[in-house]
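Note that the first sequence covers residues 1 to 141 in full-length UniProt numbering.
The next block holds one structure in the form of structure tokens; read it before the comments.
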Amino acid sequence: MRYWLFKSEPFKWSWEMQKAKGAAGQEWDGVRNYQARNNMRTMQIGDRGFFYHSNEGKEIVGIVEVCELAHPDSTTDDPRWECVDIRALRDLPRPVTLAEVKAEPRLADMSLVTSMRLSVQPVTEEEWRIVCAMGGLPEGA
DNA sequence: GCCAACGTTGGC
DNA sequence: GCCAACGTTGGC
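Structural data, given as structure tokens:
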């Protein structure tokens, strides 16, 4: 299993909206960046991801799971753009802020810090464990 | 609201 | 295929 991070501006698509979709999940549409798309193409069913609120909040708020492999993005006719579906699994008991991530030396190489603008990012297993622990999930998610 | 970073576009 | 112009993202 691999780990990822999905960024969204809460104005456009918030964690609350994601959770409201329940187990059915939701297409992660609107991505128009090759690197982010390529990341989604490599995702497998059951991969886990963090849900991050950019702009407002600037914190990791929840855990999601990939529930549909990459497929054409229904919001465009442009065949270049694909996306996966994800569903909310659980809240982070304590949201982990960007400031906390930046303050943690072991997370210095995390994409959230080094590739600030990438909207779908890979997360290493070590980074996953550290952030889960910081977020109040010492057993992992 | 500003602005730096950076990805994309398009002229040559 | 280079690179300047432009648009967008996202932290502050």
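The C-beta atom is built at its ideal place from N, Cα and C for all residues, glycine as well.
7 Å Cβ shell around residue i - same chain, five flanking residues per side excluded
{"i": "Ile-86", "result": "Phe-6, Gly-25, Gln-26, Trp-28, Gly-49, Val-64, Glu-65, Val-66 and Cys-67"}
{"i": "Ser-119", "result": "Lys-7, Val-31, Asn-33 and Ala-36"}
Residue i: first and last residue of the uninterrupted alpha helix (DSSP H) it sits in
{"i": "Glu-100", "result": "98 to 103"}
{"i": "Lys-19", "result": "15 to 20"}
{"i": "Val-120", "result": "Taken as a continuous stretch (DSSP letters only), Val-120 belongs to no alpha helix (DSSP H), being part of the beta strand (DSSP E) at 120 to 123."}
{"i": "Leu-112", "result": "111 to 114"}
Under 8 Å between C-beta atoms of residue i and residue j
{"i": "Asp-47", "j": "Trp-4", "result": "yes"}
{"i": "Leu-89", "j": "Ala-141", "result": "yes"}
{"i": "Glu-127", "j": "Leu-107", "result": "yes"}
First and last residue of the uninterrupted beta strand (DSSP E) at residue i
{"i": "Glu-68", "result": "59 to 72"}
{"i": "Arg-48", "result": "48 to 53"}
Buried or exposed by the 16-neighbour rule on C-beta atoms within 10 Å, applied to residue i
{"i": "Ile-60", "result": "buried"}
{"i": "Gly-136", "result": "exposed"}
{"i": "Ser-8", "result": "buried"}
{"i": "Met-40", "result": "buried"}
{"i": "Gln-44", "result": "exposed"}
Top-ranked residue by Cα proximity to residue i, from the options
{"i": "Gln-121", "options": "Ile-45, Met-110 and Gln-18", "result": "Met-110"}
{"i": "Pro-10", "options": "Glu-139, His-53 and Pro-138", "result": "His-53"}
{"i": "Val-101", "options": "Asn-33, Leu-89 and Ala-133", "result": "Ala-133"}
{"i": "Val-131", "options": "Ser-8, Met-116 and Val-96", "result": "Val-96"}
{"i": "residue 192", "options": "Gly-30, Met-1, Lys-19 and Glu-139", "result": "Only positions 1 to 141 of the chain appear in this structure, which leaves residue 192 out of reach."}
{"i": "Met-1", "options": "Pro-138, Val-123 and Gly-22", "result": "Val-123"}
{"i": "Ala-20", "options": "Lys-58, Asp-91 and Thr-75", "result": "Asp-91"}
{"i": "Gln-18", "options": "Gly-62, Arg-129, Arg-117 and Asp-77", "result": "Gly-62"}
Spatial neighbours of residue i in its chain, beta-carbon cut-off 6 Å, leaving aside the 5 residues before and after
{"i": "Ser-14", "result": "none"}
Close beta carbons around residue i, own chain, < 8 Å, minus the five adjacent residues each side
{"i": "Asn-55", "result": "Glu-9, Pro-10 and Phe-11"}
{"i": "Val-113", "result": "Val-101, Lys-102 and Leu-107"}
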